[in-house]
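Peer 1: Sharing a structure with you now.
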Amino acid sequence: MPSYVGTEALVGEFPHMAAIGWTHQNGSTSWQCGGSLIWENFILTAAHCTENDDLVPPDVARLGYLYLPGRGDIKEAGQQLKIVKVIRHPQHRATSRHYDLALLMLEKNVQVNTVVIPACLWPYDEVRFQKFEAAGWGATGFYQPSSEKLLKVTLTAFTNDACSTYYNDKRGKHSNGIRNHQICAGDEKMDLCTVNSAYIYVVHYSHRIHVSK
1 MPSYVGTEAL VGEFPHMAAI GWTHQNGSTS WQCGGSLIWE NFILTAAHCT ENDDLVPPDV
61 ARLGYLYLPG RGDIKEAGQQ LKIVKVIRHP QHRATSRHYD LALLMLEKNV QVNTVVIPAC
121 LWPYDEVRFQ KFEAAGWGAT GFYQPSSEKL LKVTLTAFTN DACSTYYNDK RGKHSNGIRN
181 HQICAGDEKM DLCTVNSAYI YVVHYSHRIH VSK
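Everything in the sequence shown is counted per full-length UniProt numbering, starting at 1 for the first residue and increasing by one.
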């Protein structure tokens, strides 16, 4: 059984990370997903993060913060922007995890600084790395609340054949296994629970952060 407690991230360690939220009528915000800033006004996330249980799309993104409430952060460097457009992958279906990608367009460009920097998408078909870092505000255990602070874990790549065997047995939304356009990584002892969805796989390469989603 994995331990769902990662290591706390450092200030500026994942400057592309964005928390994706839904604003309620009382003014409070539910931060239910994460994403990666890949352009000055676009966030990459999972398609299943583009609406909540009430089929309402997210309306706000927070960048440059380690803590979801903003506690303990460099407030002048962090930014909170409105989401004005949702673009889902045209081949995504709610019954499947294939093509589970979406873009969120922000109301304006972010102000790039030491804690808000877009990541680079990996430009090649082959992903040759054996280790990834995953970051997100995941739950710290089954039926536990999400962490208020950004967590990170190091994951090991698995072959698609190995992952396909596992998901064919246990996961209906991957009933056709892992396809060539997907990558699979994990750890027997530690992971970020997907209660807070769309955590991002990254590699630090040539002093840049590259995203594999």
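The beta-carbon is built from N, C-alpha and C at its ideal position, and this holds for glycine as well.
Pick helix, strand or coil for N113, following the three-state DSSP scheme.
Peer 2: By one-based count along the sequence shown, residue 113 stands at place 113. N113 falls in the strand class under three-state DSSP.
Peer 1: Using a Cβ-Cβ cutoff of less than 6 Å, which residues in the same chain neighbour T114 once the five nearest sequence positions on both sides are dropped?
Peer 2: For the purposes of this step, residue 114 is taken as residue 114 along the sequence shown, with counting starting at 1. The answer, listed in chain order, is G12.
Peer 1: Taking the beta strand (DSSP E) that T29 falls in, what are its first and last residues?
Peer 2: Counting from 1 along the sequence shown, the entry for residue 29 is found at position 29. Run containing T29: 29–39, per the beta strand (DSSP E) assignment.
Peer 1: Excluding sequence positions up to five away, which residues of its chain have a Cβ less than 6 Å from the Cβ of Q32?
Peer 2: Along the sequence shown, read from residue 1 onward, the residue named residue 32 stands at position 32. Closer than 6 Å at the Cβ level, and outside the excluded window around Q32, lies no residue.
Peer 1: Compare the beta carbon distance of V112 and L63 with 7 Å and say whether it is the shorter of the two.
Peer 2: For the purposes of this step, residue 112 is taken as residue 112 along the sequence shown, with counting starting at 1. For the purposes of this step, residue 63 is taken as residue 63 along the sequence shown, with counting starting at 1. Going by C-beta atoms, V112 is not nearer than 7 Å to L63.
Peer 1: Spatial neighbours of Y99 within its chain, please: CB distance less than 6 Å, with the 5 preceding and 5 following residues excluded, ordered by chain position.
Peer 2: Numbered from its first residue, the sequence shown carries residue 99 at position 99. Within the same chain, Y99 has close Cβ partners H89, Q91, H92.
Peer 1: For T159, does the count of other Cβ atoms within 10 angstroms reach 16, so buried, or fall short, so exposed?
Peer 2: If you number the sequence shown from 1, residue 159 lands on position 159. Exposed: under 16 other Cβ atoms inside 10 Å.
Peer 1: Counting C-beta neighbours from all protein chains within 10 Å, is the total for P69 16 or more, i.e. buried, or is it exposed?
Peer 2: As a first step, residue 69 is located in the sequence shown; it is residue number 69 there, counting from the start. Classification for P69: exposed.
Peer 1: If you draw a straight line from the C-alpha of N109 to the C-alpha of C120, how long is it?
Peer 2: As a first step, residue 109 is located in the sequence shown; it is residue number 109 there, counting from the start. As a first step, residue 120 is located in the sequence shown; it is residue number 120 there, counting from the start. Looking at the two C-alpha atoms, the distance is approximately 16 Å.
Peer 1: Alpha carbon to alpha carbon, how far is F14 from T154? Give it in angstroms, no decimals.
Peer 2: Counting from one through the sequence shown, the residue named residue 154 turns up at place 154. Counting from one through the sequence shown, the residue named residue 14 turns up at place 14. Going by the C-alpha atoms only, they are around 13 Å apart.
Peer 1: Apart from the five residues just before and just after T7, which ones in its own chain have a Cβ nearer than 6 Å to its Cβ?
Peer 2: Numbered from 1 along the sequence shown, position 7 holds the residue referred to as residue 7. Closer than 6 Å at Cβ, skipping near neighbours: K152.
Peer 1: Quick check on L55: buried or exposed, where buried means 16 or more other Cβ atoms within 10 Å of its Cβ?
Peer 2: Translated into the one-based positions of the sequence shown, residue 55 becomes position 55. Result: exposed.
Peer 1: Drop a sphere of 10 angstroms on the beta-carbon of C193, count the other beta-carbons inside from all chains shown, and report buried for 16 or more, exposed for fewer.
Peer 2: Numbered from 1 along the sequence shown, position 193 holds the residue referred to as residue 193. Only weak support is given to the placement of C193: the predicted model assigns it a pLDDT of 47, under 50, and the value that follows is read from those uncertain coordinates. By the neighbour-count rule (16 or more Cβ atoms within 10 Å), C193 is buried.
Peer 1: What number of angstroms, rounded off, separates the C-alpha of A185 from the C-alpha of V203?
Peer 2: Here residue 185 is taken as the residue at index 185 of the sequence shown, counted from 1. Here residue 203 is taken as the residue at index 203 of the sequence shown, counted from 1. If you take the alpha carbons of A185 and V203, they lie about 13 Å apart.
Peer 1: Grouping DSSP H, G and I as helix and E and B as strand, with all else coil, what is T165?
Peer 2: As a working note, residue 165 is residue 165 in the sequence shown. If DSSP states are grouped into helix, strand and coil, T165 belongs with the helices.
Peer 1: Measuring CB to CB, does V86 end up less than 7 Å from T29?
Peer 2: Counted from its first residue, the sequence shown places residue 86 at position 86. Counted from its first residue, the sequence shown places residue 29 at position 29. The answer is no: Cβ separation not under 7 Å.
Peer 1: Is the beta carbon of A18 less than 7 Å from the beta carbon of L37?
Peer 2: Within the sequence shown, residue 18 is the residue found at index 18, counting from 1. Within the sequence shown, residue 37 is the residue found at index 37, counting from 1. Yes, these two residues count as a Cβ contact at 7 Å.
Peer 1: Alpha carbon to alpha carbon, how far is A135 from S164?
Peer 2: Along the sequence shown, one-based indexing puts residue 135 at 135. Along the sequence shown, one-based indexing puts residue 164 at 164. So the two alpha carbons sit approximately 24 Å from each other.
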